[in-house]
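Okay, so the sequence shown: first residue is 391 according to our numbering, each after it adds one.
Even glycine gets a Cβ: it sits at the ideal position worked out from N, Cα and C.
None of these values were measured; they are calculated from a predicted model.
One structure is given here, and the rest of the page talks about it.
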Amino acid sequence: MGFTWYSGPASSFPPMSTWKDFETIFNLNKAEMLQTGDSGEDVGRIWNAVLEAAKLGVEERVIFCIIMQESTGNVGVGTPKDMDNNPTGGLMQAEESPAFPGQHNLSQEQITSMVIAGTKHFKGNLIQTGNQDSEKSIYEALRLYNSGQINADNLSDGKGATDSYVSDIANRLQGTTN
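Pasting the structure below:
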């Protein structure tokens, strides 16, 4: 099943009532994570890390969908640079995140450190967009997370970053996989 394209303001994206629960989304993506070279233990530790990071005030579903969008859950993902030439590493490809390129079978501490770093970054974006557990706040914060800028009238305007980013995560939240 392919992704549906969404654009426009947050109100044009799927409502939270259509999002699948965290366990369902996670289970739908297990095979894809294992294809990256992750061990079964790595995948289980991602689950634990997401639950821990959610204590920062971000929904588990959102954290996990960012992980899948940014790294396909690959704990050994490489570290690219953002538009400002800053390294963005780890499972959530966030600035100031620890990263373990090419490595698998990581400890819980290593995996959790990556997810906490990315979640803290996203939480900062969420605060900028009203810090609400609502479609508007979350979708706008996702746009900021990816591009650092927001066109509230069209969340698929990446302003030089990935145009489909918010749309892709909206699909993931509904249980669609790659």
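For I436, the enclosing alpha helix (DSSP H) has its first and last residue at 430-443. Rounded to the nearest whole angstrom, the CA to CA distance from N464 to N515 is 23 Å. The segment 446-462 and the segment 486-500 do not touch, with fewer than three beta-carbon pairs separated by less than 8 Å. The continuous alpha helix (DSSP H) containing G514 extends over residues 498-518. In the DSSP assignment, A560 is bridged to no other residue.
In the structure shown, T394 adopts coil according to DSSP, grouped into three states. Annotation: K471 to F512 spans about 17 Å, alpha carbon to alpha carbon. Assignment of A484 by DSSP, reduced to helix, strand and coil, places it in the strand class.
Look at K471 here: in three-state DSSP terms it is strand.
Taking a C-beta distance under 7 Å as the contact criterion, T408 and Q564 qualify as a contact pair.
By the CB criterion at 7 Å, F403 and N561 fall outside the cutoff. Cβ-Cβ distances below 8 Å link V556 to Y396, F403, Y529, L532, R533, N536, L545, S546 in the same chain, with the five nearest sequence neighbours on each side left out; the list follows chain order.
Partner residues in the beta bridge of G479, as assigned by DSSP, are A484. Counting along the chain, the unbroken alpha helix (DSSP H) around M423 starts and ends at 412-424.
Counting along the chain, the unbroken alpha helix (DSSP H) around V452 starts and ends at 450-461.
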